[in-house]
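Reading the sequence shown from the start, the letters are residues -23 to -1, 1 to 505 in mature numbering (1 follows the signal peptide of the UniProt record, and there is no 0). All remarks here apply to the structure that follows.
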Amino acid sequence: MKTLKSSVILVLSFSFLLVFASAKTATENFVQCLLRRSPPSYPIAPAIFTPNNHSYSSVLQTYIQNLRFNTSTTPKPFLILTALHEYHVRIAILCARIDNLLMKIRSGGHDYEGVSYVSDIVPFFILDMFNLRRISIDIKTETAWVQTGATIGEVFYKIAEESKLHGFPAGVCPTMGVGGHLGGGGYGNMMRKHGLTVDQIIDAKIIDVNGKLLDRKEMGEDLFWAITGGGGSSFGVVVAYKIRLVRVPETVTVFRVRRTLEENELTEIVDEWQRVAHVIDNDLFIRVTFDVVNGTHKGNKTLRATFLAMFLGDSKTLLSLINNSFPKLGLKKPDCLEMSWIESVLFWTDETSVKALLNRTTGRIHLKRKSDYVKTLIPKKGLNKIWKKMIELEKPMMKFNPYGGRMGEIASNATPFPHRAGNLWKIQYTTNWNEEGSRQADHLIDLTRKLYKFMTPFVSKNPRTAFLNYRDLDIGVTHNGKKSYYEGRGYGIKYFEGNFERLVKIKTKVDPDNFFRNEQSIPRFPHV
């Protein structure tokens, strides 16, 4: 018996050594392959960072936006390739395929679950796109080519340099990378007027699993459709998008007003908001953020609602609109600030200089996010229950982003993003913290999940839908094995609803060996 036990240990030890040696050989072969395939005109060596390089940690950490994934125990890539040319992307794919190495693709590092730069499966490497950030604006055709390593802030800045009457309906966080934001169906405060970022994409360039650079005509309409909201990293490496710019007026108006449960008839105000925000003039977007703050009496907590809005027009028109449709808000003329569109971008981020849009990093925090969609009005009794629960939990916040307008006019299958007509607003569950350590993280993530569970009666059902760009591994992951289709269907239906099967069909065709994979990638059909 003792001899058998010793033999088993010996076999296991030998197997481990074989796996370790194999992994080491694969990573070494990968580096040699990169160097061997690199042409003299585009040397790749300066773009390679391994743990032995003194800049490795800095390169890795610069675009880690969620500090939950920047700890000593977080799995690290064996290499980071900061591609300096599209050809480097091609080489990375071809070399990684030899040993089927796992490649993570990072644009701005804003993936809420760190999927673009972390993996429990090792070895893995990061293809970092931040050097590929060229932006070419053509005001005459009202279009722009934007490389996916650029940030949304850089796009806004370049547009404003060329025109004061053009903009782009992207998000309000300027440090988001173009690749992830556009690939997942990014939205901004002009979505009720113009729809999503993906609704403005008219061409793209992708490097496929065979290392070929394809534009829209060459890739075909199916693949083009898939990368405009289906998460581009499941199908290849999108290196650039051609976008349609939108026209903006010389003057826009913004406001930020706060109301509390303690001092105002908050339930009445929010009830009126939920009835009008999705049907009001398409030029107006009013987001509501709910958080728990100290009350007027010592030791008491109350709920605060912050109404943050942008109107594509002047303050006089806005005031008339609000007073007629949303009088309970009590908006006053001093609340309204007129400015240019590019200045309104700064208003949402509390910045004052347009140059701030060129800052590629921001104050990083520990965070957890979740999402929901609301399809029916919440009764006042339900709203009061929500306020009570939020005060009880204290830390998690919620953001309500209204739909309607242009969002309801675009077919649910026009892009992979399906959440169009029938959705009143989207909820983002937001919990931030600064404290290090797993104990605090586990506690606050648990509180976020409790609020999410509490909201079950008030949100979409069968499926309970979610927004891809608010990445949430709680709703399911794939292990990219034999059950990957069934695992992927769990979260895929929530993100893409009826568009999921078409995405799977396209994935199966363009990436039959599932090279482009992550914890929530589009799976292949099970027979492959």
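Virtual Cβ for every residue (Gly too), placed ideally from N, Cα, C.
For Thr128: DSSP bridge partner residues: Beta-bridge pairing by DSSP links Thr128 to Gly154.
Coarse secondary structure for Glu242, derived from DSSP in three states: Reduced to three states, the DSSP call for Glu242 is coil.
Exposure label - Asp488; buried when at least 16 CB within 10 Å: Residue environment for Asp488: buried (at least 16 other C-beta atoms within 10 angstroms of its C-beta).
Separation of Leu280 from Met80, as counted between CA atoms: Each residue's alpha carbon lies about 44 Å from the other.
Member of Phe232, His87 and Cys313 whose CA lies at the smallest distance from the CA of Gly161: With distances taken between CA atoms, Gly161 lies nearest to His87 out of Phe232, His87 and Cys313.
Inter-residue CB distance, Ile368 and Lys278 (contact presumed, cutoff 8 Å): For Ile368 against Lys278, the beta-carbon gap comes to about 5 Å, under 8 Å, which counts as contact.
Distance, Ile98 Cα to Ser321 Cα: Rounded to the nearest whole angstrom, the CA to CA distance from Ser321 to Ile98 is 42 Å.
Of the residues Gly458, His343 and Asn476, the one placed nearest Arg397, counting alpha carbons only: If we check each option's Cα against that of Arg397, Asn476 comes out closest.
C-beta contact flag for Val223 and Lys170 at 9 Å: Yes, they are a contact pair.
Given Arg13 as reference, the closest of Phe26, His504, Pro54 and Leu71 once Cα atoms are compared: For Arg13, the closest of Phe26, His504, Pro54 and Leu71 by C-alpha to C-alpha distance is Leu71.
Counted within 10 angstroms of its Cβ, other Cβ atoms place Gly91 as buried (16 or more) or exposed: It counts as buried.
Whole-number beta carbon distance between Arg74 and Phe431, since they are thought to touch under 8 Å: Incorrect: roughly 46 Å between the Cβ atoms, too far for contact.
Identified DSSP bridge partners for Gly144: Paired residue(s): Val223.
With 16 other Cβ atoms within 10 Å as the buried cut-off, status of His420: Per the 10 Å Cβ criterion, exposed.
Sub-9 Å separation of Ile184 and Glu315 beta-carbons: No; because the gap between Cβ atoms is not below 9 Å, this pair is not in contact.
Secondary structure, alpha helix (DSSP H): runs of 4+ residues fully inside the region 440 to 489: As far as the region 440 to 489 is concerned, its whole alpha helix (DSSP H) runs of at least 4 residues are 461 to 473 and 477 to 487.
Separation of Ile257 from Asn400, as counted between CA atoms: So the two alpha carbons sit approximately 14 Å from each other.
For Lys182 and Val216, believed in contact at Cβ under 8 Å, the rounded distance: Between the beta-carbon of Val216 and that of Lys182 there is about 5 Å, and that keeps the pair under the 8 Å contact cut.
Closer than 8 Å: Gly475 CB and nearest the ligand MG heavy atom: With respect to small molecules bound, the structure shown includes none, and the ligand MG cannot be examined in it.
Three-way DSSP call (helix, strand, coil) for Glu386 in this model: When secondary structure is reduced to three states using DSSP, Glu386 falls in the coil class, being assigned neither helix nor strand.
Span of the alpha helix (DSSP H), counted from its first residue to its last, around Thr338: Looking at the DSSP string, Thr338 is not in any alpha helix (DSSP H), and its letter there is neither H nor E.
For Phe102, the residue or residues it bridges with in DSSP: The bridge partners DSSP lists for Phe102 are Leu56 and Met80.
Spatial distance of Phe502 from Leu261 (CA atoms): For Phe502 and Leu261, the distance between alpha carbons rounds to 42 Å.
Chain-order list of residues whose beta-carbon lies under 8 Å from that of Ser297 (same chain, five-residue window excluded): Apart from sequence neighbours up to five positions away, no residue of its chain approaches Ser297 with a beta-carbon distance below 8 Å.
Status (buried if at least 16 other CB within 10 Å, exposed otherwise) for Arg264: With 16 or more other Cβ atoms inside 10 Å of its own Cβ, Arg264 counts as buried.
Coil, strand or helix - Gln38 by DSSP: If DSSP states are grouped into helix, strand and coil, Gln38 belongs with the helices.
Short Cβ contact (9 Å threshold) for Leu344 with Trp410: Between Leu344 and Trp410, the CB-CB gap stays under 9 Å.
DSSP-derived helix/strand/coil call for Ala(-3): Because Ala(-3) sits at a pLDDT of 47, beneath the cut-off of 50, its placement in the model cannot be relied upon, and the following sentence gives the value as read from the coordinates. Helix at Ala(-3).
Gly381 and Ala254 closer than 9 Å at C-beta: Yes, they are a contact pair.
Anticipated Cβ contact below 8 Å, Val186 with Val66, distance rounded: Taking the Cβ atoms as the reference, Val186 lies roughly 12 Å from Val66, outside the contact range of under 8 Å.
Terminal residues of the alpha helix (DSSP H) in which Ser113 lies: If you look at Ser113, you'll find it isn't in any alpha helix (DSSP H); it sits in the beta strand (DSSP E) that goes Ile112 to Asp115.
Beta-carbon proximity check, Leu445 vs Gly165, cutoff 9 Å: Not a contact, by the Cβ cut-off of 9 Å.
Proximity below 9 Å, CB of Pro500 to CB of Glu464: Against a cut-off of 9 Å, the Cβ pair of Glu464 and Pro500 comes out as a contact.
Local Cβ density within 10 Å of Ala24, reported as buried at 16 or more and exposed below that: Around the beta carbon of Ala24, a 10 Å sphere encloses 16 or more other beta carbons of the protein chains shown; the residue is thus reported as buried.
Opening and closing residue of the beta strand (DSSP E) in which Phe493 lies: Judged by DSSP secondary structure, Phe493 falls outside any beta strand (DSSP E); it is assigned neither H nor E.
Among Lys427, Arg494, Lys293 and Asp449, nearest to His456 - alpha-carbon criterion: When only C-alpha atoms are compared, the closest one is Arg494.
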